[in-house]
Amino acid sequence: EPEVTQTPSHQVTQMGQEVILRCVPISNHLYFYWYRQILGQKVEFLVSFYNNEISEKSEIFDDQFSVERPDGSNFTLKIRSTKLEDSAMYFCASSATGWDTEAFFGQGTRLTVV
Amino acid sequence: QKEVEQNSGPLSVPEGAIASLNCTYSDRGSQSFFWYRQYSGKSPELIMFIYSNGDKEDGRFTAQLNKASQYVSLLIRDSQPSDSATYLCAVNQGAQKLVFGQGTRLTINP
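Protein chains in written order, with our numbering: chain E, 17 to 130; chain C, 2 to 111.
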């Protein structure tokens, strides 16, 4: 069964360092998303991406965040200068046609900023 | 701020009984409603989605939507211990964004 794949599963980084979280969405999906979940809190939307550009982003997704689809399969989230409060589980998701179809989530990357 | 509200629980249900999970949302423009299950430390796993008023059944799960009351529910029949998890209600807000509730923690007691 097709699935969304994320790497790494766990990333530890020092405050101020740059991190790149990687995702391979389901192959025939057109819409890609990043969400995050701080421990014990709700899942929060970060950004959606369609047709090689950001289509929507939340107030959390500030200038330190960027997304890219460098090739036909990968979708990445870069955090330029990590802060302690960026520690969270980051989920990539994809859907076939946007809001009217379900989004499937990857297994997540646990980011720990020390 | 458009919100999705759920009772955080914990909700405790005996094995074999019906578990009823509720969700309200504030954005009247929302058109897609999703229930996800999340085990501790894992990613959200889609259970069901519903777009139209009324009931939608899939196996032991039934989703109910009432747009006039801005209310979505999930019923789990014949609850099993493996159903113990946090259940997340998610609602679309705009074209490409899901807003999640804080989740209801469900425990099925053998």
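Yeah, the Cβ is synthetic: ideal placement off N, Cα and C, and Gly gets one too.
CB contact below 8 Å: residue i versus chain C
{"i": "E:GLU19", "result": "no"}
{"i": "E:VAL40", "result": "no"}
{"i": "E:ALA119", "result": "yes"}
{"i": "E:SER64", "result": "yes"}
{"i": "E:GLU171", "result": "There is simply no residue 171 of chain E to check, as chain E begins at 17 and stops at 130 in what is shown."}
{"i": "E:VAL59", "result": "yes"}
{"i": "E:TYR47", "result": "yes"}
{"i": "E:GLN123", "result": "yes"}
{"i": "E:PHE81", "result": "no"}
{"i": "E:PHE107", "result": "yes"}
Neighbour-count burial assignment, residue i, 16 or more Cβ in a 10 Å radius
{"i": "E:THR98", "result": "buried"}
{"i": "E:MET105", "result": "buried"}
{"i": "E:GLN30", "result": "exposed"}
{"i": "C:THR87", "result": "buried"}
{"i": "E:GLN80", "result": "exposed"}
Residue of the options minimising C-alpha distance to residue i
{"i": "E:ASN67", "options": "E:GLN57, E:ALA119, E:PHE48", "result": "E:PHE48"}
{"i": "E:ARG38", "options": "E:GLY32, E:PHE77, E:GLY88, E:THR21", "result": "E:THR21"}
{"i": "E:GLY88", "options": "E:GLU34, E:LYS73, E:ILE42, E:THR23", "result": "E:ILE42"}
{"i": "C:PHE34", "options": "C:LEU47, C:GLY42, C:SER41", "result": "C:LEU47"}
{"i": "E:ASN124", "options": "C:LYS43, C:ARG38, C:GLU4", "result": "Note that residue 124 of chain E is Gly in the sequence shown here, rather than Asn. Among C:LYS43, C:ARG38, C:GLU4, the Cα nearest to that of E:GLY124 is on C:LYS43."}
{"i": "C:VAL73", "options": "C:SER13, C:SER41, C:ALA64", "result": "C:ALA64"}
{"i": "C:GLN7", "options": "C:GLY95, C:ILE109, C:ALA91", "result": "C:ALA91"}
{"i": "E:HIS26", "options": "E:VAL35, E:GLU19, E:PHE121", "result": "E:VAL35"}
{"i": "E:ASP102", "options": "E:GLU17, E:TYR51, E:VAL40, E:ALA119", "result": "E:TYR51"}
{"i": "E:SER111", "options": "E:VAL28, E:SER64, E:SER82, E:GLU84", "result": "E:SER64"}
{"i": "C:GLN71", "options": "C:THR25, C:GLU4, C:VAL5", "result": "C:THR25"}
{"i": "C:ASP84", "options": "C:VAL5, C:ALA20, C:GLU4", "result": "C:ALA20"}
{"i": "E:PHE91", "options": "E:THR128, E:HIS45, E:GLU17", "result": "E:HIS45"}
{"i": "C:SER31", "options": "C:ASN110, C:LEU12, C:ILE109, C:LYS68", "result": "C:LYS68"}
Min CB distance residue i to chain E below 8 Å
{"i": "C:GLN103", "result": "yes"}
{"i": "C:GLY55", "result": "no"}
{"i": "C:VAL100", "result": "yes"}
{"i": "C:SER85", "result": "no"}
{"i": "C:GLY95", "result": "yes"}
{"i": "C:LEU47", "result": "yes"}
{"i": "C:LEU89", "result": "yes"}
{"i": "C:SER80", "result": "no"}
{"i": "C:PHE35", "result": "yes"}
{"i": "C:SER41", "result": "no"}
Where residue i falls: helix, strand or coil (DSSP)
{"i": "C:LEU99", "result": "strand"}
{"i": "E:SER100", "result": "With the sequence shown as reference, residue 100 of chain E is identified as Leu, and Ser is not the correct amino acid for it. Here E:LEU100 sits in helix by DSSP."}
{"i": "E:GLU72", "result": "strand"}
{"i": "E:PHE77", "result": "coil"}
{"i": "E:VAL59", "result": "coil"}
{"i": "E:ALA112", "result": "coil"}
{"i": "E:VAL20", "result": "coil"}
{"i": "E:HIS26", "result": "strand"}
{"i": "E:ILE54", "result": "coil"}
{"i": "E:GLU34", "result": "coil"}
Distance cut-off 7 Å: residue i Cβ against heavy atoms of the ligand FAD
{"i": "C:SER44", "result": "Summarising the ligand content, the structure contains no ligands, and the ligand FAD is consequently not present."}
Let me know the beta strand (DSSP E) ranges lying completely inside the segment 7-89 of chain C, each 3 residues or longer, listed in chain order. 12-15, 20-26, 34-39, 46-51, 55-59, 62-67, 72-77
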